[in-house]
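Residue numbers (full-length UniProt numbering): 1 to 316. In this text, a Cβ means the ideal position worked out from N, Cα and C, and glycines have one as well.
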């Protein structure tokens with residue numbers, strides 16, 4: 001009995017340890033440096049501090065959209081072997097820092113990159129991961145127009161990524177609003193915002209602004225010298241669905257909720273421990289006798305039965 005309980009405890013403790021190791025690996029895999037690339041411009045991503053290592057022999061850059069999808073034998077984007085550099089079109093490698101250079105970034109350059117390094121006489125391998133977040137800024141400011149027939153103001157921004165809509169300088173939260181986003185072949189979007197003008201107010205000028213990262217532009221439109229009450233009565237419209245894209249935070253980089261991952265791992269481990277304790281308590285409540293004891297008891301019962309059968313009858 002004690003041996004069985006110890007064995008079950010050991011089994012569940014191993015299971016809990018494996019669970020925690022899996023969670024730790026998930027956290028490690030998500031801790032990847034994020035670098036931004038602007039579409040249509042050049043950019044670089046570093047290979048950690050490899051340039052400071054004088055014993056570097058081989059440096060190779062690979063790309064994958066999945067951290068587990070790198071495979072041996074895949075063609076490298078750029079490589080450096082004992083002083084000789086080779087690279088595919090639109091890529092290059094700096095000779096001193098071994099950073100990967102994008103001559104002209106496109107939306108296809110978004111993904112996960114691995115810098116594979118071999119150093120020393122034993123060619124010891126190491127890998128460094130970097131994720132790129134590609135963005136695009138408008139090539140011109142917002143375009144704002146007025147539709148007097150429907151009493152609506154429209155603002156459009158072209159060549160943006162991710163999907164970000166322009167905003168007006170008045171409160172249109174209660175107005176009939178429509179948002180659109182159209183994706184183009186180069187991966188950028190045209191976004192637009194349309195809403196009714198504020199009622200019962202005299203409006204002489206409407207501003208439309210667009211901002212993302214360091215980019216900010218404002219376009220103004222002078223309205224006729226009339227009040228919105230004299231415009232056509234507002235027509236009821238419905239809110240159209242918005243296009244969605246990758247969520248960016250702060251400086252525009254992808255962020256991963258590590259706390260959620262850690263919390264999930266703690267919950268899984270806690271539930272596993274509870275199951276383990278319940279299993280042990282169940283075993284202790286219903287002890288199982290070893291097989292050899294049960295066999296001996298059965299044999300004793302059989303012998304007693306035979307003795308009773310062959311026992312001579314008592315004389316009368």
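First through last residue of the beta strand (DSSP E) which encompasses residue i
| i | result |
| --- | --- |
| residue 101 | 100–102 |
| residue 193 | 189–196 |
| residue 118 | 111–119 |
| residue 221 | 215–222 |
| residue 45 | 43–45 |
| residue 85 | 84–87 |
| residue 207 | 205–212 |
| residue 38 | 33–38 |
| residue 64 | 56–64 |
| residue 78 | 78–81 |
| residue 92 | 91–93 |
Nearest to residue i (by Cα), restricted to the options the options
| i | options | result |
| --- | --- | --- |
| residue 219 | 104, 168 and 88 | 168 |
| residue 47 | 126, 154, 64 and 189 | 126 |
| residue 33 | 179, 84, 112 and 204 | 112 |
| residue 121 | 82, 43 and 175 | 82 |
| residue 205 | 215, 213, 222 and 214 | 222 |
| residue 197 | 41, 107, 131 and 175 | 175 |
| residue 35 | 49, 129 and 162 | 129 |
| residue 64 | 164, 147, 212 and 131 | 131 |
| residue 178 | 49, 194, 44 and 142 | 194 |
| residue 166 | 75, 74 and 211 | 211 |
| residue 157 | 78, 94, 217 and 213 | 217 |
| residue 139 | 159, 14 and 171 | 159 |
| residue 66 | 114, 161, 107 and 123 | 114 |
| residue 136 | 50, 146, 164 and 143 | 164 |
| residue 134 | 145, 45 and 97 | 45 |
| residue 123 | 55, 146, 171 and 108 | 55 |
| residue 162 | 147, 94 and 213 | 213 |
| residue 143 | 50, 209 and 183 | 209 |
| residue 50 | 74, 96, 40 and 146 | 96 |
| residue 183 | 107, 146, 274 and 147 | 107 |
| residue 141 | 215, 40 and 13 | 215 |
| residue 80 | 94, 74 and 90 | 94 |
| residue 98 | 148, 57 and 274 | 57 |
| residue 40 | 148, 275, 146 and 90 | 90 |
Expected contact under 8 Å - CB spacing of residue i and residue j to nearest Å
| i | j | result |
| --- | --- | --- |
| residue 53 | residue 119 | 6 Å |
| residue 191 | residue 181 | 5 Å |
| residue 185 | residue 105 | That belief does not hold up - the Cβ atoms of residue 185 and residue 105 are roughly 16 Å apart, past 8 Å. |
| residue 101 | residue 59 | Their Cβ separation, rounded to whole angstroms, is 13 Å, which puts residue 101 and residue 59 out of contact at 8 Å. |
| residue 42 | residue 62 | Not really, about 20 Å apart at Cβ, beyond 8 Å. |
| residue 92 | residue 110 | With a Cβ gap of about 19 Å, residue 92 and residue 110 do not count as contacting. |
Write down every uninterrupted run of the beta strand (DSSP E) in the segment 125–183 whose length is 3 residues or greater and which is fully enclosed by it, in chain order. 143–147, 152–160 and 177–183
Evaluate the contact criterion for the segment 140–152 versus the segment 81–93: three or more CB pairs, one atom per stretch, below 8 Å. no
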